[in-house]
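As you go down the protein sequences, you meet chains A and B in turn. Under the numbering used here, the first residue of the first sequence is numbered 414, with each subsequent residue one higher. Under the numbering used here, the first residue of the second sequence is numbered 18, with each subsequent residue one higher. Following: one structure in structure tokens, then a few remarks.
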Amino acid sequence: MSRIFERISTAVLEGDDEESASLVHKALDKGETAADILNEGLLVGMSEVGVRFKAGDMFVPEVLMSADAMQAGMRILRPLLVAGGVKLIGKVMLGTVEGDLHDIGKNLVGMMCEGVGFEVIDIGFDVSPADFVAAVKEHQPDIVGMSAMLTTTMRAMGHTIKALTEAGLRDKVKVIVGGAPVDAAFAKKIEADGYGSNAPAGSDLAKELVGAA
Amino acid sequence: MQVRKTNYLVNATPTLQVLTEDEIEAIYFSALRVLSETGVRVYEPEGVELAYSHGAIVENADEKSSLVKIPSWMVDRARATLPHRVTVVGPPDRNGKRNYVMDLFKNQIYYGTGSDTPFTLDPYTGERRRATYKDVKNFAKLAQALPNIDFFMSLGITQDTAVGTYDRWQYLAMLEGTNKPINITAVDIEGLKDQLEMAYIRLGGKTEWKKGPAFSLYIEPVSPLSHSEEVVQKLLFCCDNDIPFVYTPCPLAGATAPCTLAGTAVQALTESLFGIVLSQLRKPGAQVIIGGLMSNMDMKTSVYCYGSPEMALLSAAYTDITKWLGVPEYETAGCSDTKLFDEQALMEATFNITTAGLIGGNMIHDVGYIEQGLTSCPEMLVASNEIIDRVKRILRGIPVTDDTVALDVMDEVGPGGHYLAHDHTYNRFKTEIWRPTLTDRRDYNDWTKAGSKTYQERVHERMIELLEADVEPLMDEAMFKELHRICELADERHKDEELDVQMFV
């Protein structure tokens, strides 16, 4: 592995966004391709972050700093990757459902998803089924993630899936759900494509659903 | 009477203090700065208008919400009418007597359960599953039987009833099991109205409610610094209808509040102060209890910790703040992050129950919670009752008087004698020495003869015994039917809502 890729992955691991961005520029200047910088630099760093996090050697705030460093590099690479026809891992659209203002869990999932290379569209909280439908039309994500913190607002997950079906969009996206009162049985009942019990499980699930796990 | 002793100070109870007055004031004045400089986001136009028309600054309005900044003088004014004492009185027994009073003011402790866990551990199989009407009724029956449980919150969401109307059914299940004071939850204003109607019926009229409201309402603004539409509507309705309410944010240090515990306390206080201001604008004298539910995020698992030392410490610090403010407080204890009734459950519950008792948090809730508040555990409730009993012994302290230092008794018995048969022992051992109910102190032989049971096993057996005990219904058939009818009517009104009925089980 080239020395520059190693330094990029280290910058990601250390959560140094300025360093990772400047190294990505440097690598491009040296003639490395965007795809190589992504796969052999940024993603190698994030994958090590994942390993260390699961082993309990890294903690959430550190993981989020690394995800930030990864994103700093991705912002430079994304246009080049798109122009070069390189297929990115995918696009995840996230929102907290109607009636619910609790968004910390959804934000965590978003940062974790960015950390593993997804493009993340955050449509906020208290999002009505109609707004989910409109946003799916606009952003055309691969995955729609919904979050709810209350049993009363969990209903809106079912309502949103129904609205996606009625709009003819249900088979164009994978729907994943999460939040404190949600479980796998409920996800199945409302015919979601998956349930994540926490933020890393959510990003793992997203990877699995786009065939990148 | 001959008097010799002077300048003699007594410590009637051991004391615990986390913050000094200077520290409390530093936190309070910081909260005032946040409230007036950063502001809070309010998602209810009526609440925004109420604050605005009395002097608040309203900025950055969007279609759903406004940023509201409260000048400090508005807080001073609100505090002038804020009650220092709030009382909730349970419904009457069959003789019309209201036996259970929760009288909340400085240094008064009342322990009670927590509310609305999606899951519960089955009392017989231990299986983790969605909670039902029957579970809520069972937990209420346990709480009724346990002397150290002073108020009840629904240890489980009734999920075999319609989601949009579960709150009425849940209240009915609670009323079936207990006539202790209750802290309810409500889906929305309609749910709150129905439950108030049910309470009027249960008490025998609105006048009885005025003498002593039978429930308080749990209201939870969202951290950081957000007050949702539903939350503000509930607050206003409570003010208008003389319903005491708990206004408690649940900030999570490091995630939805600053990582530093002092910062979390400032933010929580800011969130509650907004509730206090709004309530006193709506109705001077409106009865508010402020939280007390704050903890840290576990940075490995990203969960809200219910058994962490930080939670116990923060809650205790918040009690110091509320004592200084002169407002009743909602404390948190008897809860754990464990998944079943095990050593961790007991360790964490012991820790937070003790801290809450020593500091003197008023309305100490969440007894019976495990798994970060997602699951209720009947054994945890029963064991906590005994833990609370131990703590109450500690709280009785060591009175040091001529009688208790027992010089004359010692002189009488003298070197080499014994005290077992002495009147001094006979007359005082029952109050002086705490007696356990579930804790084992037998010798090894007697313990093995009795089946070599662990504490967990003994608690489980006691729990089943309480659950299966024959008890008189707390209300007559006619009243039950009347209350049941309100729940049915609510279901009727909501019957067209999809995915609502029996969504979970």
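We treat Cβ as the ideally placed atom computed from N, Cα and C, and that holds for glycine. A quick note: this is a predicted structure, and the numbers were derived from the prediction, not measured.
Cutoff 6 Å; reference residue i; Cβ partners in own chain excluding five residues on either side
i                      : result
residue 598 of chain A : none
residue 123 of chain B : 340
residue 331 of chain B : 278, 311
residue 422 of chain A : 454, 457, 458
residue 480 of chain B : 395, 396, 399
C-beta neighbour in chain A for residue i, strict 8 Å
i                      : result
residue 209 of chain B : no
residue 317 of chain B : yes
residue 204 of chain B : yes
residue 62 of chain B  : no
residue 416 of chain B : no
residue 326 of chain B : no
residue 518 of chain B : At residue 518 of chain B, the pLDDT of 49 sits below 50, so the modelled position is not reliable; the number obtained from the coordinates is stated separately. Judged by the 8 Å Cβ criterion, residue 518 of chain B is not in contact with chain A.
Contact set between residue i and chain A, taken where Cβ atoms lie within less than 7 Å
i                      : result
residue 239 of chain B : 514, 515
residue 135 of chain B : 564, 594
Contact with chain B by residue i, beta-carbon distance below 8 Å
i                      : result
residue 611 of chain A : yes
residue 472 of chain A : yes
residue 463 of chain A : no
Neighbourhood of residue i by C-beta, 7 Å cutoff - its chain only, sequence neighbours within 5 removed
i                      : result
residue 296 of chain B : 252, 256, 303, 305
residue 554 of chain A : 504, 505, 506, 534, 586
residue 447 of chain B : none
residue 484 of chain B : 140, 155, 158, 159
residue 512 of chain B : none
Cβ neighbours of residue i in the same chain (closer than 8 Å, five flanking residues each side left out)
i                      : result
residue 603 of chain A : 570, 571, 574, 590
residue 355 of chain B : 324, 361, 362, 365, 387, 388
beta-carbon residue i near the ligand ADP non-hydrogen atom, thresh 7 Å
i                      : result
residue 553 of chain A : With respect to the ligand ADP, the structure offers nothing, as it holds no ligand at all.
is_contact[residue i, chain E] using C-beta, thresh 8 Å
i                      : result
residue 438 of chain A : Absent from the structure: chain E. Protein chains present are A and B.
Report the residues of the region 156-188 of chain B with a CB closer than 8 Å to any CB of chain A, ordered along the chain.
174, 176, 180, 181, 183
Interface positions of the region 561-593 of chain A facing chain B (Cβ-Cβ less than 8 Å), listed along the chain
564, 565, 567, 568, 571, 572, 575, 593
Give, in chain order, every residue of the region 266-283 of chain B whose Cβ lies closer than 9 Å to some Cβ of chain A.
269, 271, 272, 273, 276
Chain A contacts made by the region 242-259 of chain B, where a contact means CB separation under 7 Å:
243, 245
Residues from the region 518-537 of chain A in contact with chain B, defined by Cβ distance under 7 Å
521
Identify each residue in the region 372-399 of chain B for which the Cβ-Cβ distance to at least one residue of chain A is less than 9 Å, and report them in chain order.
389, 390, 391
Quick one, which residues of the region 465-498 of chain A are near chain B if we go by CB-CB under 7 Å, in chain order?
469, 472, 473, 474
Are at least three pairs of beta-carbons, each pair with one atom in the region 457-469 of chain A and one in the region 439-448 of chain A, less than 8 Å apart?
no
Under 8 Å: do the region 346-360 of chain B and the region 369-382 of chain B share three or more Cβ pairs, one atom per stretch?
yes
Counting Cβ pairs closer than 8 Å, one from the region 484-503 of chain B and one from the region 407-414 of chain B, do we hit at least three?
no
Would you be able to state if there are at least three C-beta pairs under 8 Å between the region 107-120 of chain B and the region 317-331 of chain B?
no
Does the count of Cβ pairs from the region 76-91 of chain B and the region 257-269 of chain B closer than 8 Å reach three?
no
Touch check for the region 128-144 of chain B and the region 168-179 of chain B: three-plus C-beta pairs under 8 Å?
yes
For the structure I just gave you, are there three or more beta carbon pairs, one from the region 45-61 of chain B and one from the region 231-249 of chain B, closer than 8 Å?
yes
At least 3 beta-carbon pairs within less than 8 Å: the region 30-40 of chain B vs the region 267-275 of chain B
no
Using 8 Å as the cut-off, can you tell me whether the region 419-438 of chain B makes contact with the region 499-508 of chain B, which would need three or more C-beta pairs spanning the two stretches below that distance?
no
Could you say if the region 196-203 of chain B and the region 212-232 of chain B meet the contact criterion of at least three C-beta pairs nearer than 8 Å?
yes
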